[in-house]
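*Asks:*
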Amino acid sequence: MHLDLDAFYASVEQRDKPSLRGKPVIVGGTGGRGVVATCSYEARAFGVRSAMSTREARARCPHAAFLGGRFHAYGEASRIVMGILRDVSPLVEPLSLDEAFVDLAAGGLTDFSTTALTAFAEGLRARVAEATGGLTASIGIGTSKFMAKVASDLQKPDGLVIVEPGREQQLLRPMAAKVIPGVGPATVERLRRMGVQTVADLESRTLEELTLELGQSHGQSLWRLARALDDRPVIAEREAKSVSVEGTYEEDLTDRKLMEAVLTRQAGQVADRLQKHGLSGRTISIKVRLYDFTTVSRSSTLPSPTDSAAMIARLARGLLADVDPTGGVRLLGVGVSGLADWVQDDLFGAVAEAEPEAELPDVPSRMRAQWWPGQDVVHTDRGRGWVWGAGKGVVTVRFETAETGPGPVRSYRADDPDLVPWKPEPPEVS
DNA sequence: TCTGGGGTCCTAGGACCC
DNA sequence: TCTGGGGTCCTAGGACCC
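Heads up, the first sequence stops at 1831 in this note's numbering, and the numbers go up one at a time, no gaps.
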């Protein structure tokens, strides 16, 4: 079963503010560069859609209520609904605040006749409405995740569709290929060039044709889904793989110092969230969207995971040095991936995430390292060090350990073949 | 003043290792 | 003159989803 709450954020707003009922409500970014997250059906009548720029939504529906969103309220409503679903079956896979798959066979349900499923689903929709103060949900039920999801979309809002076993292909064949999850604008265009518009067209193509055009993974997935072949299980608990914070600014940023300040603040927010969930990660990334909407990312992987705001900020600022922000930057972001569900002992705050001490005492006079001008941390094959100073072709590195604090200081020739310059270009050391 | 923010998954190339 | 075949890890970018 797939359950989808209708126009979720907008519906919560209309529930909580009676004056908004029956009126167009648009929730999303309200600034000059905002987009629509969700809108009520009254707003959809004016052509407003999710992901549309708020600017355009205002032009189409100037009298709508434009709201920034109260995510606490949405989270609360979501928790209530997910709780009801978990009453039905232990196998509930939330996809977002307003959507979930439920494995009905893993729950108590034994009668899968259409009559019994209809009664069950209508009862569930009534329970959701009652427990949430009137929110409506659309439900789809089928023999796979794919079919359930397709079904829940067919009679939105406030609908219920059950696709009986054996009828999958006849339902899918006339539909546009983009009903298949994973087929977005780019794939639609490639398929169109192949002469594929509908699921039936897709089904007529061989596995070889599709994998050649779309790649192994995507091609095979489409070949299977076009035949309604889908055995993906409902997975109740999925672990997070990354944590990130990003922001688009009303006006493009042009000052590097300001960008560094933004990254530093975002690193703090990322670290807070990591710490709240007991997570830490090895790979620190930044995302930079330039004035022309081109997006670049840079990342760097540490020898061991961190959840330290200072460490993440230091790395993020260092990564920015490798990006040319000429023309202005509209978005900046910081992320941490390669998550581990444990945190290293943090004896010295920001600088305590040293290598295991056993690797440090014997600091070699030569080592492989990554360093570039402006970077104040060096990762080596023997451990981590802080750049103490750099000049006259020499890099001085101070090593620290959690046990002893500041450790030995060593100098390395910057042109030493074993002190490998980090990309992209050999650094000019002045 | 076109085009959010939080994610996931995939691909491709290079370094490196045996 | 000719230079394998697996595998892993890392980085960058892109497509996609809600």
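Beta carbons: idealized from backbone N, C-alpha and C, even for Gly.
Quick check on DSSP: helix, strand or coil for histidine 1464?
*Replies:* Translated into positions along the first sequence, residue 1464 becomes position 63. Histidine 1464 falls in the coil class under three-state DSSP.
*Asks:* Report the three-state DSSP secondary structure of arginine 1639 (helix, strand or coil).
*Replies:* The residue you call residue 1639 lines up with position 238 of the first sequence. Coil.
*Asks:* Can you tell me where the beta strand (DSSP E) with glutamate 1565 in it begins and where it stops?
*Replies:* Walking along the first sequence from the start, residue 1565 turns up at place 164. Premise fails: glutamate 1565 is in no beta strand (DSSP E) and is neither H nor E.
*Asks:* Please name the residue or residues paired with histidine 1403 in a DSSP beta bridge.
*Replies:* On the first sequence, position 2 is the one that residue 1403 refers to. In DSSP, histidine 1403 forms a bridge with Phe1502 and Gly1541.
*Asks:* I'd like to check one pair, threonine 1649 with leucine 1615: are the Cβ atoms closer than 8 Å?
*Replies:* As a working note, residue 1615 is residue 214 in the first sequence. As a working note, residue 1649 is residue 248 in the first sequence. Against a cut-off of 8 Å, the Cβ pair of threonine 1649 and leucine 1615 comes out as no contact.
*Asks:* Residue range of the beta strand (DSSP E) that isoleucine 1485 falls in?
*Replies:* Numbered from its first residue, the first sequence carries residue 1485 at position 84. No beta strand (DSSP E) holds isoleucine 1485; the alpha helix (DSSP H) holding it covers 1472–1489.
*Asks:* From threonine 1431 to proline 1425, what does the alpha carbon distance come to, in whole angstroms?
*Replies:* Position 30 of the first sequence holds residue 1431. Position 24 of the first sequence holds residue 1425. C-alpha separation (whole angstroms): 15 Å.
*Asks:* Please determine if the stretch 1599–1608 and the stretch 1558–1578 are in contact, where contact requires at least 3 C-beta pairs separated by less than 8 Å.
*Replies:* Segments in contact, yes.
*Asks:* By the three-class DSSP mapping on this structure, what secondary structure does lysine 1546 have?
*Replies:* As a first step, residue 1546 is located in the first sequence; it is residue number 145 there, counting from the start. Three-state DSSP puts lysine 1546 in a helix.
*Asks:* Roughly how many angstroms lie between the CA atoms of glycine 1794 and glycine 1620, to the nearest whole one?
*Replies:* Here residue 1794 is taken as the residue at index 393 of the first sequence, counted from 1. Here residue 1620 is taken as the residue at index 219 of the first sequence, counted from 1. Caution applies to glycine 1794, whose pLDDT of 44 falls short of 50 and renders its modelled position unreliable; the model cannot decide the point.
*Asks:* Reducing DSSP to helix, strand and coil, say where glycine 1524 ends up.
*Replies:* The residue you call residue 1524 lines up with position 123 of the first sequence. Helix.
*Asks:* Tell me which residue opens and which closes the beta strand (DSSP E) that valine 1580 is part of.
*Replies:* Indexing the first sequence from 1 puts residue 1580 at position 179. No beta strand (DSSP E) holds valine 1580; DSSP gives it neither H nor E.
*Asks:* Below 8 Å, can you find three or more Cβ-Cβ pairs linking the stretch 1523–1533 to the stretch 1468–1484?
*Replies:* The stretch 1523–1533, when compared against the stretch 1468–1484, does touch it at the 8 Å Cβ threshold.
*Asks:* Quick one, are the C-beta atoms of valine 1635 and lysine 1546 less than 8 Å apart?
*Replies:* As a first step, residue 1635 must be located in the first sequence, where it is residue number 234. As a first step, residue 1546 must be located in the first sequence, where it is residue number 145. The answer is yes: Cβ separation under 8 Å.
*Asks:* Less than 8 Å between the CB atoms is what I'm expecting for lysine 1688 and threonine 1696, so what's the real figure, rounded?
*Replies:* On the first sequence, position 287 is the one that residue 1688 refers to. On the first sequence, position 295 is the one that residue 1696 refers to. That belief holds up - the Cβ atoms of lysine 1688 and threonine 1696 are roughly 7 Å apart, short of 8 Å.
*Asks:* Please confirm if the stretch 1406–1418 is in contact with the stretch 1432–1441, defined as three or more CB-CB distances below 8 Å between the two stretches.
*Replies:* Result yes; three or more Cβ-Cβ pairs closer than 8 Å.
*Asks:* Count the other CB atoms within 10 Å of the CB of threonine 1707; is the residue buried (16 or more) or exposed (fewer)?
*Replies:* Reading the first sequence from its first residue, position 306 is the one you call residue 1707. Threonine 1707 is buried by the Cβ-count criterion.
*Asks:* Let me check one thing: in DSSP terms, what residues is serine 1686 bridge-paired to?
*Replies:* Locating residue 1686 in the first sequence gives position 285, where the first residue counts as 1. According to DSSP, which records beta bridges pairwise, serine 1686 is partnered with Ser1700 and Gly1736.
*Asks:* Do leucine 1675 and glycine 1682 have their C-beta atoms closer together than 8 Å?
*Replies:* Taking the first residue of the first sequence as position 1, residue 1675 is located at position 274. Taking the first residue of the first sequence as position 1, residue 1682 is located at position 281. Yes; because the gap between Cβ atoms is below 8 Å, this pair is in contact.
*Asks:* What is the DSSP secondary structure of alanine 1722, counted as helix, strand or coil?
*Replies:* By 1-based counting over the first sequence, the position of residue 1722 is 321. Note: alanine 1722 maps to coil in three-state DSSP.
*Asks:* Out of Arg1639, Leu1613 and Gly1583, point me to the one whose CA is closest to methionine 1595's CA.
*Replies:* Sequence index remark: in the first sequence, residue 1595 carries index 194 (1-based). Ranking the options by Cα distance to methionine 1595, first place goes to Leu1613.
*Asks:* If I'm right that glutamate 1590 touches alanine 1629 with Cβ under 8 Å, what's the distance once you round it to whole angstroms?
*Replies:* On the first sequence, residue 1590 is found 189 positions in, with the first residue counted as 1. On the first sequence, residue 1629 is found 228 positions in, with the first residue counted as 1. With a Cβ gap of about 24 Å, glutamate 1590 and alanine 1629 do not count as contacting.
*Asks:* Which two residues bound the contiguous alpha helix (DSSP H) that contains glycine 1669?
*Replies:* Stepping through the first sequence from its first residue, residue 1669 is reached at position 268. That run of the alpha helix (DSSP H) goes 1657–1677.
*Asks:* List the residues that DSSP assigns as beta-bridge partners of isoleucine 1427.
*Replies:* Against the first sequence, residue 1427 aligns to sequence position 26. For isoleucine 1427, which the question treats as bridged, DSSP gives the partners Cys1440 and Phe1467.
*Asks:* For threonine 1537 versus aspartate 1554, is the C-beta spacing smaller than 8 Å?
*Replies:* Counting from one through the first sequence, the residue named residue 1537 turns up at place 136. Counting from one through the first sequence, the residue named residue 1554 turns up at place 153. For threonine 1537 and aspartate 1554, no; Cβs fall outside 8 Å.
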